[in-house]
Amino acid sequence: MFVCAGNTESFVCAKSVGVGLVQSALNLSRLCLLEKPSTIIFIGTAGSYDFSTPLLSLYVSTQAMQIEESFTLAHSYTPLDNCLQAQGPKTLDLPPAIVNSSNYIHTDLDFSRRMVQAGIHLENMEFFSVLSVAQYYQIPSFGVFCVTNYTNAHAHKDFLASHGQAKARLETFINQLKDENVR
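All residue numbers for the sequence shown refer to the UniProt record's numbering, where the first residue is 1 and numbers rise by one.
Below, the structure written as structure tokens:
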């Protein structure tokens, strides 16, 4: 089952689960109970912490983190597991990336540098929830992401400028996955 955030980021052959960590967890849980998918493939856009990443690059991910900037500054901690690993496809010819999720879009350059140093490449609001739900229901899952912006002061403006092209790239990739029957 292909899923996406929804709202402005909807795709013809993907079911919308909602924007952010909470909506996506609630709605995807409901979909899993009703439709019992054999695989969950999340399709979405992402910001890059690494400013050398070309915009509109595609990545595959089976790893999600949930780290806030305050955690990297040692201003907070969490008793929760903030790192998830799923078992993904072995056939996709895309570079892998670890994706961090937050209900906030990070814009601080120091935070971006710390994330790159930790090996975390992309930021997407929903992916941690998607992997959490998939793990709970024991459903194989992975995500495919297109980079729309960098995590800097211009993140929103750049996202808006790249979003249409990113959606078109993802739509093309979804059609390729469906044709190849990748699961």
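Yeah, the Cβ is synthetic: ideal placement off N, Cα and C, and Gly gets one too. Since we're looking at a predicted model, the values are computed, not measured.
Roughly how far, in whole angstroms, is the beta-carbon of E126 from the beta-carbon of A46, given that I think they are within contact range, below 8 angstroms?
At roughly 10 angstroms, the Cβ-Cβ gap does not stay under 8 angstroms, so E126 and A46 are not in contact.
Taking one C-beta from the region 156-168 and one from the region 31-50 each time, how about it: are there three or more such pairs within less than 8 angstroms?
yes
Give the straight-line distance between the Cα atoms of F140 and P89, rounded to the nearest whole angstrom.
According to the sequence shown, residue 140 is Pro rather than Phe. If I take the Cα positions, the gap works out to 9 angstroms.
DSSP on F11, reduced to helix/strand/coil?
coil
Inter-residue spacing [alpha-carbon to alpha-carbon] between V130 and S24
7 angstroms
Which of helix, strand or coil does DSSP assign to T45?
strand
Got a sec? Which residues, its chain only, sit under 6 angstroms from V99 by beta carbon, not counting five neighbours each side?
S61, A64, L122, N124, F127
Tell me F145's beta-bridge partners as DSSP assigns them.
G44, Y59
Less than 8 angstroms between the beta carbons of K178 and C13, yes or no?
yes
Is the Cβ of L56 closer than 8 angstroms to any Cβ of chain C?
Protein chain content of the structure displayed is limited to a single chain, and chain C is not contained in it.
Under 8 angstroms, do S57 and V147 count as touching if we go by C-beta distance?
yes
Sort out for me which residues DSSP pairs C32 with in a bridge.
C32 pairs with nothing; no bridge assigned.
Hey, out of F142, Q138, H163, V144, whose CA is closest to Y150's CA?
H163
Assuming F145 contacts Y59 (C-beta within less than 8 angstroms), just tell me the rounded distance between them.
5 angstroms
Report the option in S16, F2, D108 whose CA atom is closest to the CA atom of T8.
S16
Three-state secondary structure assigned by DSSP to E68:
coil
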